Amino acid sequence: MKGKARVKKTTLMVATVLILSLPALAKPIDQTLLVTTADGVLRGKGEGGSKAFLGIPYAAPPIGDFRWKAPQPAARWRGVREATHFAPNCYQAKPEPFGPFTQEFLIQPPSSEDCLYLNVWTPAKAPKARMPVMLFIHGGGFSSGSGSVPIYNGANLASRGVVVVNLNYRVGVFGFLAHPQLTAESKLGTSGTYGIEDMIAALRWIRSNAAAFGGDPRNVTIVGQSAGATGVNALMMSPAAKGLFQRAITHSGSGLGRTWRTLEQSEKTGQAFLAASGAADVAELRRMPSDQVWNVKAPAEGNLPAGAPARGWFFSPPIGGEVWTAQSSDSSAPVANPVPLMSGFMADELGSLDGRIVASTPAEFEKLVRTRYSASADRLLALYPHATDAEVSVSTRQLLTDGAVASLVMWGAGRKQRGQTVYPYTFNHPLPGPQSARYGAFHTADIPYLFGTFDLPNRTFTAADRVVSRTMQSYWINFMRSGNPNGPGLPRIDAVESAASGVTAIGDGTGRIVRISTPERAAAFRANFEAQGYKIP
224 MKGKARVKKT
234 TLMVATVLIL
244 SLPALAKPID
254 QTLLVTTADG
264 VLRGKGEGGS
274 KAFLGIPYAA
284 PPIGDFRWKA
294 PQPAARWRGV
304 REATHFAPNC
314 YQAKPEPFGP
324 FTQEFLIQPP
334 SSEDCLYLNV
344 WTPAKAPKAR
354 MPVMLFIHGG
364 GFSSGSGSVP
374 IYNGANLASR
384 GVVVVNLNYR
394 VGVFGFLAHP
404 QLTAESKLGT
414 SGTYGIEDMI
424 AALRWIRSNA
434 AAFGGDPRNV
444 TIVGQSAGAT
454 GVNALMMSPA
464 AKGLFQRAIT
474 HSGSGLGRTW
484 RTLEQSEKTG
494 QAFLAASGAA
504 DVAELRRMPS
514 DQVWNVKAPA
524 EGNLPAGAPA
534 RGWFFSPPIG
544 GEVWTAQSSD
554 SSAPVANPVP
564 LMSGFMADEL
574 GSLDGRIVAS
584 TPAEFEKLVR
594 TRYSASADRL
604 LALYPHATDA
614 EVSVSTRQLL
624 TDGAVASLVM
634 WGAGRKQRGQ
644 TVYPYTFNHP
654 LPGPQSARYG
664 AFHTADIPYL
674 FGTFDLPNRT
684 FTAADRVVSR
694 TMQSYWINFM
704 RSGNPNGPGL
714 PRIDAVESAA
724 SGVTAIGDGT
734 GRIVRISTPE
744 RAAAFRANFE
754 AQGYKIP
């Protein structure tokens, strides 16, 4: 009996210890990581000095009958939704590395048509006042890219008092296929703009939910790089996006010279695509598996309709309808959202994008000038010495710099006449890494400085790089807060006043003003753009 009593007593003691230990073993719920949105409750995670809420649906999956349709409202959920992992990328091929810059931008699996999700970063300790909200739109030539790529992580930038949002939007054929049947279905009088419509849906989500994250839904800045900058330009032109944002920033994407296909041209490409797919109509094409649609082979060269690409398929948003009303490069066109704008280019932009425009011999230089600036080619060739390879080396860089400045400030002068304030800049800090001296401040090299994402492979960042990042972030945050990038301790960025304005160099700490190198060269560039039909004040 005594033995049984000892066993019962021991069992009771163990059970008591276990019960008393349960509160200590259970992980308490951090209420600061819970956010109640219009669709339900989210649980995020801590990331250093910030909080992250990942993989949030901002629209319904665009699958089945919703393929090639405007984004639909996301479904609500019950309980707590885990928002601690990224959602799949929008369907795309895994891109192969090219150029000096793509290693940081390559997506990782999985990809899916069910991809309309966004990510939010907020400071770990939010201020009492509502914070500005930034929506970042990734690049990728409208055929690739994702908000989950690590270089776009918003934790560092958010820690400085900003709500940072990025998104996935439909790309390639799923984002930008136009066809007369699809246009007839649309309430906006267009087709092939689904990726842009996704951006608008994300802005509507921000309007409804920013306050839950401490953000000000009436102080939203849209920021885009490369194709994302084109998206920003489209949104500024779009009546469908009216009132959804208050400021805009374009990295490598604004200015004179770049035109996009019209709806009619894109529809012809869509008709060729449908025929090549073997589907009888759009309804049948909607039933095809994703990989089968993505891998439809282009007709042989010479059998493509007018407006279609010369080799393979290339899908991009067309001009027409209420989504993108006019060419953004036409600074005389009406602007539905003439918000304050910061716009800039990389000091070594063009050479990193396309090796064909880098000349090393007099013959190559002449070909470059005649190809890019045909209307003023003779004038420009007379103004830029190119008799020797040494002269070509100097003149090529100067020509491309002058052309970039001319494109931006002459465009900005036209926007000023439309009531829009444009702050122009050029980023001239080389990104460290292999062949840094060769490529300099190349296309995309500014992105890690904006986000403070310095844990990149093959690149050793220094204290000087972190100073550049801090300076760049200060400009951007000032602009998000007030519509003016300037502030104490920062070299001044002046708004465009005329076609003779300069752009401010940021990155080398000098704040120097970069202008077209001579008045004669400025006049030649002006004549070239005017010959293309642009109206320059």
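Going left to right, the sequence shown walks through residues 224 to 760 as this note's numbering numbers them. Just so it is clear, CB atoms sit at the ideal spot from N, CA and C, and this is done for glycine as well. These figures come from a predicted structure and were not determined experimentally.
Quick one, are the C-beta atoms of G476 and T444 less than 7 Å apart?
Here residue 476 corresponds to residue number 253 of the sequence shown, with the count starting at 1. Here residue 444 corresponds to residue number 221 of the sequence shown, with the count starting at 1. No, the Cβ-Cβ distance between G476 and T444 is not below 7 Å.
Please report how far the alpha carbon of R266 lies from the alpha carbon of S552, in whole angstroms.
Locating residue 266 in the sequence shown gives position 43, counting from the first residue. Locating residue 552 in the sequence shown gives position 329, counting from the first residue. C-alpha separation (whole angstroms): 42 Å.
Burial state of V303, where buried means 16 or more other Cβ atoms lie within 10 Å:
Taking the first residue of the sequence shown as position 1, residue 303 is located at position 80. Its Cβ having fewer than 16 others within 10 Å, V303 is exposed.
Which partner residues does S273 have in the DSSP bridge list?
Taking the first residue of the sequence shown as 1, we reach residue 273 at position 50. For S273, which the question treats as bridged, DSSP gives the partners E270 and P346.
If you draw a straight line from the alpha carbon of A613 to that of A582, how long is it in whole angstroms?
Counting from 1 along the sequence shown, the entry for residue 613 is found at position 390. Counting from 1 along the sequence shown, the entry for residue 582 is found at position 359. Approximately 11 Å, taken between the alpha carbons.
Between which two residues does the beta strand (DSSP E) holding D253 run?
As a working note, residue 253 is residue 30 in the sequence shown. In this chain, D253 is not harboured by any beta strand (DSSP E), its DSSP state being neither H nor E.
Other residues of its chain near K758: CB distance less than 7 Å, five sequence neighbours each side excluded:
Translated into positions along the sequence shown, residue 758 becomes position 535. The residues are S555 and G637.
Taking only three categories from DSSP, how would you classify Y607?
Here residue 607 is taken as the residue at index 384 of the sequence shown, counted from 1. Three-state DSSP puts Y607 in coil, outside helix and strand.
DSSP three-state assignment for Y596, whether helix, strand or coil:
For the purposes of this step, residue 596 is taken as residue 373 along the sequence shown, with counting starting at 1. Three-state DSSP puts Y596 in coil, outside helix and strand.
Which listed residue (D514, A506 and G363) has its alpha carbon closest to that of Q448:
Looking up residue 448 in the sequence shown gives position 225. The option with the nearest alpha carbon to Q448 is G363.
8 Å contact criterion, which G544 and L467 should meet: CB distance rounded
Numbered from 1 along the sequence shown, position 321 holds the residue referred to as residue 544. Numbered from 1 along the sequence shown, position 244 holds the residue referred to as residue 467. In fact, because the Cβ distance is near 17 Å, the residues do not count as touching under 8 Å.
CB-CB length for F588 against S618, believed under 8 Å:
Position 365 of the sequence shown, counted from the first residue, corresponds to residue 588. Position 395 of the sequence shown, counted from the first residue, corresponds to residue 618. Indeed, because the Cβ distance is near 7 Å, the residues count as touching under 8 Å.
Let me know if M456 comes out buried or exposed under the rule of 16 or more other beta-carbons within 10 Å of its beta-carbon.
Stepping through the sequence shown from its first residue, residue 456 is reached at position 233. Here the sequence assigns Asn to residue 456, which means Met is not the residue at that position. Its Cβ being crowded by 16 or more others within 10 Å, N456 is buried.
Alpha-carbon to alpha-carbon, N389 and V258
Mapped onto the sequence shown, residue 258 falls at position 35. Mapped onto the sequence shown, residue 389 falls at position 166. So the alpha carbons of these two residues sit roughly 18 Å apart.
What residue range does the alpha helix (DSSP H) around S616 cover?
Looking up residue 616 in the sequence shown gives position 393. It spans D612 to Q640 - the alpha helix (DSSP H) in which S616 sits, taken as one unbroken run.
Rounded C-alpha distance that separates P294 from E336
Your numbering for residue 294 matches position 71 in the sequence shown. Your numbering for residue 336 matches position 113 in the sequence shown. For P294 and E336, the distance between alpha carbons rounds to 12 Å.
Whole-angstrom C-beta distance between F674 and D688, which should lie under 8 Å:
Locating residue 688 in the sequence shown gives position 465, where the first residue counts as 1. Locating residue 674 in the sequence shown gives position 451, where the first residue counts as 1. That pair is no contact at about 13 Å.
Assigned secondary structure, T453 (DSSP; H/G/I helix, E/B strand, else coil):
Within the sequence shown, the letter at position 230 stands for residue 453. Helix at T453.
What is the C-beta distance between I739 and A745, in whole angstroms, given that I count them as a contact (C-beta under 8 Å)?
As a first step, residue 739 is located in the sequence shown; it is residue number 516 there, counting from the start. As a first step, residue 745 is located in the sequence shown; it is residue number 522 there, counting from the start. With a Cβ gap of about 4 Å, I739 and A745 count as contacting.
Using a Cβ-Cβ cut-off of 6 Å (strictly less than) and excluding sequence neighbours within five positions of W344, which residues of its own chain qualify?
As a first step, residue 344 must be located in the sequence shown, where it is residue number 121. Only S273, A275, G377, A378, A381 and V387 meet the Cβ criterion.
Going by DSSP in three states, V386 sits in which element: helix, strand or coil?
As a first step, residue 386 must be located in the sequence shown, where it is residue number 163. It is a strand residue.
Counterpart residues of S334 in DSSP-defined beta bridges
Taking the sequence shown and counting its residues from 1, the one referred to as residue 334 is at position 111. S334 is bridged to N312.
Using the Cβ count rule (16 or more neighbours within 10 Å means buried), how would you classify V690?
Sequence index remark: in the sequence shown, residue 690 carries index 467 (1-based). So V690 ends up on the exposed side.
In whole angstroms, what is the alpha-carbon distance linking I716 and T624?
For the purposes of this step, residue 716 is identified with residue 493 of the sequence shown, where counting begins at 1. For the purposes of this step, residue 624 is identified with residue 401 of the sequence shown, where counting begins at 1. Roughly 18 Å between the two C-alpha positions.
Quick one: what does DSSP say Y698 is sitting in, helix, strand or coil?
One-based indexing of the sequence shown puts residue 698 at position 475. Shown here, Y698 sits in a helix according to DSSP, grouped into three states.
Under the DSSP definition of a beta bridge, which residues are partnered with E420?
Here residue 420 is taken as the residue at index 197 of the sequence shown, counted from 1. According to DSSP, which records beta bridges pairwise, E420 is partnered with nothing at all.
Should G730 go down as buried or exposed, given a rule of 16 or more other Cβ atoms within 10 Å for buried?
Residue 730 sits at position 507 when you count from the first residue of the sequence shown. Buried is the call here.
Closest Cα partner of Q326 within the set T667, M354 and A503
On the sequence shown, residue 326 is found 103 positions in, with the first residue counted as 1. Q326 has its Cα closest to that of T667, out of T667, M354 and A503.
Find out if the Cβ-Cβ distance for the pair V394, Q315 is shorter than 7 Å.
Stepping through the sequence shown from its first residue, residue 394 is reached at position 171. Stepping through the sequence shown from its first residue, residue 315 is reached at position 92. Yes, these two residues count as a Cβ contact at 7 Å.
Measure the C-alpha to C-alpha separation of Q331 and E270 and round it to an integer number of angstroms.
For this step, residue 331 is matched to residue 108 along the sequence shown. For this step, residue 270 is matched to residue 47 along the sequence shown. Their Cα atoms are separated by approximately 21 Å.
Supposed close pair G384, F399 - CB separation, criterion 8 Å:
As a position in the sequence shown, residue 384 is number 161, starting the count at 1. As a position in the sequence shown, residue 399 is number 176, starting the count at 1. Distance from G384 to F399 at the Cβ level is roughly 36 Å; contact not present, criterion being Cβ atoms closer than 8 Å.
Buried or exposed (CB count within 10 angstroms, at least 16 for buried), W300
Counting from one through the sequence shown, the residue named residue 300 turns up at place 77. Exposed, by the Cβ-count rule.
Mapping DSSP to helix, strand and coil, what is Q488?
Residue mapping note: residue 488 aligns to position 265 of the sequence shown, counting from 1. Residue state, collapsed to three classes: helix.
Could you have a look at Q550 and say whether DSSP puts it in helix, strand or coil?
In the sequence shown, the residue the question calls residue 550 occupies position 327. Reduced to three states, the DSSP call for Q550 is coil.
Could you check whether G437 and M565 sit closer than 7 Å to each other, using their CB atoms as the reference points?
Along the sequence shown, read from residue 1 onward, the residue named residue 565 stands at position 342. Along the sequence shown, read from residue 1 onward, the residue named residue 437 stands at position 214. No; because the gap between Cβ atoms is not below 7 Å, this pair is not in contact.
Does the Cβ of K410 have 16 or more other Cβ atoms within 10 Å, making it buried, or fewer, making it exposed?
Translated into the one-based positions of the sequence shown, residue 410 becomes position 187. The residue is exposed, with fewer than 16 neighbouring Cβ atoms inside 10 Å.
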